[in-house]
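Using the numbering used here, the first residue of the sequence shown is number 18, and each one after it goes up by one. Backbone N, C-alpha and C define an ideal beta-carbon position, used for all residues, glycine too. Computed from a predicted model, the values in this text were never measured in an experiment. Single-structure report; data block below.
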Amino acid sequence: MTALRSIDVSKVFEDGFTALSGINLSVEPGEFVTLLGPSGCGKTTLLKIFAGFYAPTTGRIEQNGADVTNAPPEKRDTAMCFQSYALFPHLSVAENVEFGPKQNKVPKDDRVKRVNELLRQVDLEANRDKLPNKLSGGQQQRVALTRALAMRPSVVLFDEPLSNLDAKLREQVRREIRSLQREFGFTAIYVTHDQSEALAMSDRVVVMNGGKVEQIGDPEEVYQRPETAFVADFIGSANLLPFERVDDHTVDTPLGRFTVDDPPVADSRFLCWRPEAADYGVSEGENVVASDISERAYQGAYTDVHIAVPGAPDQRLHWPGSASSMSDRVTFRLPPDRIRFVRGELG
Ligand SMILES: Nc1ncnc2c1ncn2[C@@H]1O[C@H](COP(=O)(O)OP(=O)(O)OP(=O)(O)O)[C@@H](O)[C@H]1O
Ligand SMILES: [Mg+2]
């Protein structure tokens, strides 16, 4: 049975703005699913519909097979964890964590046990009597997380919980969230607009754009096999080229003729390849490109190289060496299995 499911959900706000349309998503028990997409694409709106803060305009929400479309938040087995930690400023850390179970009339002994256990797990025991404003951002975020978990919800809905933290701390807290999730076994729906966070944390990624789902897949699928130009471009960097089909496994592009493993289909609009897909060990034969370099930027692990080809704007390569070891031209081969075709428009 699916833990949480949306069926043909749409949301039109009072001012007539359509924030979501045709959202179909099934989340399995214990799964970690992220909603990924640019600002304004409807991530928070969908999460609030799952939580019961908004009613969908059309469609249905099911939890464990039961229709909860019109159930208020407290009647759903979900907890929400926000970007702004929303902690009670006048309550101590321990009191913040105990608040929900107390509201729910969980017996005192059980409550105290839960709070102690959770604070130990996120390494906040030493801070249990402090007020939230005496904590760092990362510590406050941990309190917010433990406060959600203290309710023992079967689903936790996260809305960009790490966006106020610096890069190092983000990575640490995201590993903690993942390990707590494995330990407690809750189902997680996690909103982010950070693609690396989504790829690192998720069992499945739901890529959203303009209130619609563009693609759902595991991290490798959405990265290696994007279905649309939007997904290719939003996750990682992608080179997109117009093409003309010669036969099922041959296409012409401004970069030259390519042999491909997966043929383009009727609605394919662009040939897509990743900057790291280029192979520098081959200098002649099929799928080999030689081009002038227009720009280069040293990135440490690789050099970001732009090549200038008429009709093929802004194609880039990751050259696995330092900028100084390059000449003014580059020769590379695009392996047929690293070439994809995507549909849709460019952003
Ligand atoms: N109450 C409202 N009334 C009208 N429009 C709204 C309302 N709430 C949100 N919107 C609009 O709906 C769209 C989706 O908003 P939402 O908050 O879901 O985006 P988001 O994907 O979470 O973006 P962000 O990454 O910036 O948080 C936006 O264009 C927003 O302006
Ligand atoms: Mg949002």
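| said: Could you check whether the Cβ of Val248 sits closer than 8 Å to any heavy atom belonging to ligand 1? | reply: no
| In terms of residues, what are the limits of the alpha helix (DSSP H) holding Asn133? | Segment Lys125 to Gln138, the alpha helix (DSSP H) holding Asn133.
| task | Report yes if the C-beta distance between Pro170 and Thr267 is below 9 Å; otherwise report no. | result | no
| said: Shorter than 8 Å, the distance from the beta carbon of Asp176 to the closest heavy atom of ligand 2, or not? | reply: yes
| Rounded straight-line distance, which links the Cα of Ser285 to that of Ala325 | 24 Å
| request: Run the proximity test for Thr61: is its beta-carbon closer than 8 Å to any non-hydrogen atom belonging to ligand 2? | output: True, at least one ligand heavy atom lies under 8 Å from that Cβ.
| request: Closer than 7 Å by C-beta to Leu63: which residues in its own chain qualify, once you throw out the five before and the five after it? Chain order, please. | output: Leu37, Ile40 and Leu52
| said: Taking 8 Å as the cut-off, is the beta-carbon of Val208 closer than that to any non-hydrogen atom of ligand 2? | reply: yes
| task | Determine, using beta carbons only, whether Leu42 and Ile252 come nearer to each other than 9 Å. | result | no
| Under the rule that 16 or more other beta-carbon atoms within 10 Å means buried, what is Val172, buried or exposed? | buried
| said: Quick check: what's the CA-CA separation for Pro46 versus Ser23? | reply: 14 Å
| request: Round the Cβ separation of Ser376 and Thr75 to the nearest angstrom and send it over; I've been treating them as touching at under 8 Å. | output: A query on residue 376 cannot be resolved here, the shown segment of the chain reaching from 18 to 364 and no further.
| task | Kindly indicate which three-state DSSP category Lys147 falls into: helix, strand or coil? | result | coil
| query | Does DSSP classify Glu301 as helix, strand or coil? | reply | coil
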